[in-house]
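**Q** Next up is a structure, given as structure tokens.
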Amino acid sequence: MQLFLWRHADASPGTPDRERPLSSEGQKEAALTARWLNAILPADPLILVSPALRTRQTADALGRRYEIHGSVAIGSSPEAILSAANWPASEKTVLVVSHQPLLGYLASFLLCGQPQAWDVEKSNVWWFDISGKLHEETRLKAVISPLLLADRPWPLSSGTGQHTPL
Numbered sequence: 001m002q003l004f005l006w007r008h009a010d011a012s013p014g015t016p017d018r019e020r021p022l023s024s025e026g027q028k029e030a031a032l033t034a035r036w037l038n039a040i041l042p043a044d045p046l047i048l049v050s051p052a053l054r055t056r057q058t059a060d061a062l063g064r065r066y067e068i069h070g071s072v073a074i075g076s077s078p079e080a081i082l083s084a085a086n087w088p089a090s091e092k093t094v095l096v097v098s099h100q101p102l103l104g105y106l107a108s109f110l111l112c113g114q115p116q117a118w119d120v121e122k123s124n125v126w127w128f129d130i131s132g133k134l135h136e137e138t139r140l141k142a143v144i145s146p147l148l149l150a151d152r153p154w155p156l157s158s159g160t161g162q163h164t165p166l
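Per the UniProt record's numbering, the sequence shown starts with residue 1, numbered consecutively.
Right under this line is the structure:
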């Protein structure tokens, strides 16, 4: 299973928290990251998105269908996300668009077996390959930041998951 964890882009301040929209900078970050993801993701990934407005707006930048799912909302758990992704039975690529600290807890759980307070920056993507036993056969393939993407000519592929060499 290929698992992508995408933290929502920068959001404007305000209340209620769940209805905060992306800031203008966040819209730019989401667009950059979405362009990279569209070059990497296969045609039919499972995309699970938190119900919060900022995560939905981040996912909207992809221009793909997604499921709004409570298992990836604020206050959820790493185990709930893996269950929603149908791990370990599924071989489908999964993209989760969610929040801190949940994504940091999931990233540490995947690699170390224990949820820890790791930081996932706004609009960053953590790309995992989970090929067997959790945290024993999990590889972190990449951490992608919109700061990196702003300086590169993306996309590097045709959007079919077939990568173009640099």
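From the three backbone atoms N, C-alpha and C, an ideal C-beta is built for every residue, glycine too.
Quickly, what does DSSP pair residue 125 with across the bridge? List them, please.
**A** Bridge partners of residue 125: 6, 144.
**Q** Considering only residues of the same chain and omitting the five flanking positions on each side of residue 37, which have a CB-CB separation below 8 Å?
**A** Around residue 37: 4, 6, 62, 95, 125.
**Q** Would DSSP call residue 79 helix, strand or coil?
**A** Correct three-state label for residue 79: helix.
**Q** Excluding the 5 residues preceding and the 5 following residue 137 in the sequence, name in chain order all residues of the same chain whose CB lies nearer than 8 Å to its CB.
**A** Closer than 8 Å at the Cβ level, and outside the excluded window around residue 137, lie 130, 131.
**Q** What does a CB cutoff of less than 7 Å around residue 104 pick up in its chain, not counting 5 residues either side in sequence?
**A** Contacts found: 117, 118, 119, 120.
**Q** Identify the continuous beta strand (DSSP E) that holds residue 23 and give its terminal residues.
**A** Per DSSP, residue 23 belongs to no beta strand (DSSP E) and is neither H nor E.
**Q** Nearer than 7 Å: is that true of the beta carbon of residue 81 relative to any heavy atom of the ligand MG?
**A** Looking for the ligand MG in the displayed structure turns up nothing, as the structure carries no ligands at all.
**Q** Taking only three categories from DSSP, how would you classify residue 74?
**A** Of the three classes helix, strand and coil, the one that applies to residue 74 here is coil, per DSSP.
**Q** Based on DSSP bridge pairs, tell me the residues matched to residue 139.
**A** Per DSSP, 129.
**Q** Rounded to whole angstroms, what's the CA-CA distance from residue 64 to residue 10? Just pull it up for me.
**A** Each residue's Cα considered, the two are about 20 Å apart.
**Q** Can you tell me which of 123, 127, 139, 140 puts its alpha carbon nearest to the alpha carbon of residue 146?
**A** Comparing Cα positions, the closest option is 123.
**Q** When the Cα of residue 107 is compared with those of 19, 81, 91, which residue comes out closest?
**A** Of the candidates 19, 81, 91, the one whose C-alpha sits nearest the C-alpha of residue 107 is 81.
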